[in-house]
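Residue numbers (our numbering): 19 to 659.
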């Protein structure tokens, strides 16, 4: 339940009580996003982001890596370029996304956090068009149109160009960084749609992305002097390519069937001086299906599942300090080096069943059951889930949900050399209840209270290297008020009050979760002056992120020129509270042969100094705050021919 649907109503979202819709225009014109619709996630309740450089969301007390992402019924290799800066999808193709922050239905597996389900639109069918767009980060092109009466296609690609503009500016001896390849990225999306005579639709889909960075580190920086093993060459190259064939059909009697056959390859090459040298290729092949049909007038049955075969080829050498979110002393210098190379095959099956039972005109209940099994750790789980909705009146809706969830603990911590192959899956139980009120003229508000209990979180263990000795909790109250665009004004106000904690059962330590932000507030307002001009503003506030202080340093007896940090209690301090105002203006131009649009954004309009961490001097006796984004102007231009 409690889905937040952005733009329209997806197949999954249509079955989710309490769905909230934001139109596509809001996705691409929200201030501070650079037109990137996925970054709108940051403005929604329960979503925490600690760093301006990363849009990877921590949702309702879960880490970003605890989320699962899907696009057009298929899995996604990774969602963001540059470690979280830009999403991998062309903004012109994102029709909507659906956020399930917790207590999602049985159709989704493998996530103790949230599920983000992205729908990319189908190609245009009226005429062949070309769209060119450029902004301060990248340039892109989109070609789309009909091939035949019942067939159409699009092909889109983007490439960054900051590496051409900023390399000479960034490189310098004082920084300790010499860029060989300034961070760059590219991505592509392709879709071919064939509407068959029997009423079914066949879609051939392909998505992919690449990211590349290469640089040398010298010992000019104090932080590097205390990690001398990091001095040297660094590179990080990653890419994914996904292809899928999706067939769907909806019959007159209300039955709906969707089948997908797909393949995805993710390849990484990473080097960090003498500390890390890693190469891996993950190839996944899968068959996925979902079927639902009405059973009389009071029930709708949904059945489905996924069969997946994963082949992993890897060769990893790493000075691994054996750290998780429960440890703070993660120095790689002088850590034990481990080496492992292997080829593995992992088979996973996920099956689910749900019944949407309309008890009467006001009450609906959807019990569900999911079964997942994988043969790497040789674990299987049955996960019960339940959500419900009660229409108190035409304007008031009450909703609630509960579910049990499991997630693979991670490859490195469970690998035979680096980790513990006897680890169990991480587990979580979600509870949520909400109320929604709707008003005329596009106004509405919604409030939800949630609780998550986490168990079997992975911690370091002196006996087995890693164990499932961690636990945690997240409790929160959220409020979302919104105004749809019915005339000239639209926007939303998002408020979150929450507390997320972790406990290490081995040590007895209790501390705030690294993404714990007790107060988050976001106000987005957009005003359409006329058909040509549109203006927007976004104000964003959140509590400062937790931080583990370094309270001093002691000389390293083995290296006289190096100091070893002495840490305070885990996450016992916080950065100062964060707040920022972003402004945006959009302008439309209509010419005989082209439609042109442009925007200008002012990021951090009042130039507030938001802290993003601390740099310490060589002996850890002093620290300097690291600034996040200063006042910055960005732009974008798009032309459609």
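Even for Gly, the Cβ is constructed at its ideal location relative to N, Cα and C.
Exercise for the section: Consult DSSP for residue 611 and reduce its assignment to one of helix, strand or coil. Expected result: By 1-based counting over the chain shown, the position of residue 611 is 593. The answer is coil: DSSP assigns residue 611 none of H, G, I, E or B.
Exercise for the section: Decide yes or no for the touch test of the segment 544-562 against the segment 516-524: beta carbon pairs closer than 8 Å, at least 3 of them. Expected result: no
Practice task
Take residue 120 as the anchor and find which of 493, 305 and 531 has the nearest alpha-carbon.
Solution key: Your numbering for residue 120 matches position 102 in the chain shown. Measuring from the Cα of residue 120, the nearest candidate turns out to be 493.
Handout entry: Check whether residue 97 and residue 87 have beta carbons under 9 Å apart
Key = The sequence position of residue 97 within the chain shown is 79, counting from 1. The sequence position of residue 87 within the chain shown is 69, counting from 1. Going by C-beta atoms, residue 97 is nearer than 9 Å to residue 87.
Exercise for the section: Please state if the CB of residue 638 and the CB of residue 568 are separated by a distance shorter than 9 Å. Expected result: Here residue 568 refers to the residue found at position 550 when the chain shown is read from its first residue. Here residue 638 refers to the residue found at position 620 when the chain shown is read from its first residue. Yes, the Cβ-Cβ distance between residue 568 and residue 638 is below 9 Å.
Exercise for the section: Please classify residue 180: does DSSP put it in a helix, a strand, or coil? Expected result: Taking the chain shown and counting its residues from 1, one reaches residue 180 at position 162. The answer is helix: DSSP assigns residue 180 an H, G or I state.
Problem - Straight-line gap, residue 654 to residue 62 (C-alpha atoms, nearest Å) - result: For the purposes of this step, residue 654 is taken as residue 636 along the chain shown, with counting starting at 1. For the purposes of this step, residue 62 is taken as residue 44 along the chain shown, with counting starting at 1. About 24 Å.
Handout entry: Sub-9 Å separation of residue 210 and residue 177 beta-carbons
Key = Taking the first residue of the chain shown as position 1, residue 210 is located at position 192. Taking the first residue of the chain shown as position 1, residue 177 is located at position 159. No, Cβ-Cβ distance for residue 210 and residue 177 is not below 9 Å.
Problem - Sequence-distant residues of its chain with Cβ nearer than 7 Å to residue 432 (five each side left out) - result: By one-based count along the chain shown, residue 432 stands at place 414. Hits under 7 Å: 395, 438, 439 and 441.
Problem - Nonlocal neighbours in the same chain, by C-beta distance under 7 Å from residue 319, ignoring five residues either side - result: Numbered from its first residue, the chain shown carries residue 319 at position 301. Once the five neighbours on either side are set aside, the close Cβ partners of residue 319 are 310, 311, 313 and 373.
Practice task
Flag this pair as yes or no: are the beta carbons of residue 60 and residue 46 separated by less than 9 Å?
Solution key: Position 42 of the chain shown, counted from the first residue, corresponds to residue 60. Position 28 of the chain shown, counted from the first residue, corresponds to residue 46. Cβ atoms of residue 60 and residue 46: not closer than 9 Å.
Exercise for the section: Pick helix, strand or coil for residue 552, following the three-state DSSP scheme. Expected result: Here residue 552 refers to the residue found at position 534 when the chain shown is read from its first residue. Residue 552 falls in the strand class under three-state DSSP.
Handout entry: Runs of beta strand (DSSP E) lying entirely within the segment 125-184, each at least 3 residues, in chain order
Key = 133-138, 147-153, 156-166 and 169-178
Exercise for the section: Could you tell me whether the segment 323-338 touches the segment 294-308, where touching means 3 or more Cβ pairs closer than 8 Å? Expected result: yes
Handout entry: Short Cβ contact (9 Å threshold) for residue 82 with residue 260
Key = Sequence index remark: in the chain shown, residue 82 carries index 64 (1-based). Sequence index remark: in the chain shown, residue 260 carries index 242 (1-based). Going by C-beta atoms, residue 82 is not nearer than 9 Å to residue 260.
Problem - Other residues of its chain near residue 161: CB distance less than 6 Å, five sequence neighbours each side excluded - result: In the chain shown, residue 161 corresponds to position 143, counting from 1. If we look at residue 161 and ignore the five residues flanking it on each side, its Cβ neighbours are 148 and 173.
Exercise for the section: Could you round the C-beta distance between residue 388 and residue 124 to whole angstroms and report it? I think they count as a contact, below 8 Å. Expected result: Against the chain shown, residue 388 aligns to sequence position 370. Against the chain shown, residue 124 aligns to sequence position 106. Sure, about 4 Å apart at Cβ, within 8 Å.
Practice task
Could you say which of 215, 227, 247 and 251 lies nearest to residue 199 if we only look at CA atoms?
Solution key: Start at 1 with the first residue of the chain shown, and residue 199 comes out as number 181. Answer by Cα proximity: 251.
Exercise for the section: Kindly list the residues whose CB is nearer than 8 Å to the CB of residue 574, restricted to its own chain and excluding five residues on each side of it in sequence; keep chain order. Expected result: Along the chain shown, read from residue 1 onward, the residue named residue 574 stands at position 556. Closer than 8 Å at the Cβ level, and outside the excluded window around residue 574, lie 580, 581 and 582.
Handout entry: Span separating the alpha-carbon of residue 447 from that of residue 548
Key = On the chain shown, residue 447 is found 429 positions in, with the first residue counted as 1. On the chain shown, residue 548 is found 530 positions in, with the first residue counted as 1. Distance between the alpha carbons of residue 447 and residue 548: 48 Å.
Practice task
Could you name the residues that DSSP lists as bridge partners for residue 268?
Solution key: By one-based count along the chain shown, residue 268 stands at place 250. DSSP, once it has assigned bridges, lists 274 as partnering residue 268.
Handout entry: Continuous alpha helix (DSSP H) stretch holding residue 429: start and end
Key = As a first step, residue 429 is located in the chain shown; it is residue number 411 there, counting from the start. It spans 429-432 - the alpha helix (DSSP H) in which residue 429 sits, taken as one unbroken run.
Handout entry: Euclidean distance between Cα positions of residue 230 and residue 288
Key = Within the chain shown, residue 230 is the residue found at index 212, counting from 1. Within the chain shown, residue 288 is the residue found at index 270, counting from 1. Those two C-alpha atoms are separated by around 10 Å.
Practice task
Grab the span of the beta strand (DSSP E) containing residue 457 for me, first residue to last.
Solution key: In the chain shown, the residue the question calls residue 457 occupies position 439. No beta strand (DSSP E) contains residue 457, which DSSP labels as neither H nor E.
Problem - Residue range of the beta strand (DSSP E) that includes residue 360 - result: On the chain shown, residue 360 is found 342 positions in, with the first residue counted as 1. Looking at the DSSP string, the run of the beta strand (DSSP E) that includes residue 360 is 355-376.
Exercise for the section: Can you give me the Cβ contacts of residue 600 inside the same chain, cut-off strictly under 6 Å, excluding the 5 residues immediately before and after it? Expected result: Here residue 600 corresponds to residue number 582 of the chain shown, with the count starting at 1. Once the five neighbours on either side are set aside, the close Cβ partners of residue 600 are 49, 50, 556 and 621.
Practice task
Pull up the distance between the alpha-carbon of residue 410 and that of residue 629, whole angstroms please.
Solution key: Within the chain shown, numbered from 1, the residue matching residue 410 stands at position 392. Within the chain shown, numbered from 1, the residue matching residue 629 stands at position 611. Going from the Cα of residue 410 to the Cα of residue 629 covers about 46 Å.
Exercise for the section: Return the CA-CA distance between residue 482 and residue 175, expressed in angstroms with no decimal places. Expected result: Residue mapping note: residue 482 aligns to position 464 of the chain shown, counting from 1. Residue mapping note: residue 175 aligns to position 157 of the chain shown, counting from 1. Looking at the two C-alpha atoms, the distance is approximately 46 Å.
Problem - Option in 264, 278, 226 and 182 with minimal Cα separation from residue 256 - result: To locate residue 256, count along the chain shown from 1; it is residue 238. Nearest C-alpha to residue 256: 226.
Practice task
Counting only the same chain and skipping the five closest in sequence on each side, list residues whose C-beta sits under 6 Å from that of residue 112.
Solution key: Taking the chain shown and counting its residues from 1, the one referred to as residue 112 is at position 94. The answer, listed in chain order, is 55.
Exercise for the section: Determine the DSSP secondary structure at residue 57, reduced to helix, strand or coil. Expected result: Numbered from 1 along the chain shown, position 39 holds the residue referred to as residue 57. In the structure shown, residue 57 sits in a helix (DSSP, three-state: H, G or I).
Practice task
Could you have a look at residue 69 and say whether DSSP puts it in helix, strand or coil?
Solution key: Within the chain shown, residue 69 is the residue found at index 51, counting from 1. Correct three-state label for residue 69: coil.
Exercise for the section: State the beta-bridge partners of residue 5 as determined by DSSP. Expected result: This structure cannot settle anything about residue 5, because the visible part of the chain is limited to 19 through 659.
Exercise for the section: Go ahead and label residue 378 buried or exposed: buried means 16 or more other beta carbons lie within 10 angstroms of its beta carbon, across all protein chains shown. Expected result: Residue mapping note: residue 378 aligns to position 360 of the chain shown, counting from 1. The residue is exposed, with fewer than 16 neighbouring Cβ atoms inside 10 Å.
Handout entry: Identity of the residue in 382, 42, 597 and 491 nearest residue 627 by Cα
Key = As a working note, residue 627 is residue 609 in the chain shown. Per the Cα distances, 597.
Problem - Distance between beta carbons of residue 444 and residue 474, contact taken as under 8 Å - result: Working through the chain shown from its first residue, we reach residue 474 at position 456. Working through the chain shown from its first residue, we reach residue 444 at position 426. Going by Cβ atoms, the distance from residue 474 to residue 444 rounds to 5 Å, so yes, they are a contact pair.
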